[in-house]
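>
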Amino acid sequence: MIEAYSKPKLVIGMRGHAQMIPFGCKTPIISIVSHNKLQWFLDDIGQSNWAVDVQSNTYIQDLKIRVLESLKNTDERIKFIESKQVELFEVSKANVRNVFH
């Protein structure tokens, strides 16, 4: 699974696992937002622009723009994901310390 999600330059999905698994494998994502949970994750990592609202009147155009932007900036997105993973890991470690101390 990790190898499969690490190979693509981009994963486009509309479920939480289609975000979280590739993100964990340092693979850029575009989320087709059909419910708030998908948007909340992108908002939490500071990348709300990685979303496309499935209910938008400009959905197709927005999806095309987001995909082309991501493919053009793959290396930068991977670097962002790597740094965000480090940041989130530090938050997780602090949370564990708070629970057990």
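Last residue of the sequence shown: 1066 in the working numbering, with the numbers rising by one and none dropped.
We put the beta carbon where it would ideally sit given N, CA and C, even for glycine.
1. Using 10 angstroms around the beta-carbon of Ile1030, count the other beta-carbons present and answer buried if the total reaches 16, otherwise exposed.
2. Would Val1032 and Ile995 qualify as a contact pair, given that the criterion is a beta-carbon distance under 8 Å?
3. Indicate whether Lys991 and Glu1041 have their beta-carbon atoms separated by less than 8 Å.
4. Mind checking which residues open and close the alpha helix (DSSP H) that includes Ser1057?
5. Three-state secondary structure (DSSP) at Ser971?
6. At what residues does the alpha helix (DSSP H) containing Gly989 begin and finish?
7. Please work out which residues of its chain come closer than 8 Å, Cβ to Cβ, to Leu975, disregarding the five sequence neighbours upstream and downstream, and give them in chain order.
8. Would you report the Cα separation of Val1017 and Gly1011, rounded to the nearest angstrom?
This is what the structure gives:
1. Flag for Ile1030 reads exposed.
2. Yes.
3. Not in contact: Lys991 and Glu1041 (Cβ atoms no closer than 8 Å).
4. Segment Thr1039 to Phe1065, the alpha helix (DSSP H) holding Ser1057.
5. Judged by DSSP in its simplified three-state form, Ser971 adopts helix.
6. DSSP places Gly989 in the uninterrupted alpha helix (DSSP H) bounded by Gly981 to Gly989.
7. Cβ neighbours of Leu975 within its own chain (closer than 8 Å, five residues either side excluded): Thr992, Pro993, Ile994, Ile995, Val1032, Ser1035, Leu1036 and Thr1039.
8. Just so you know, the alpha carbons of Val1017 and Gly1011 end up roughly 15 Å apart.
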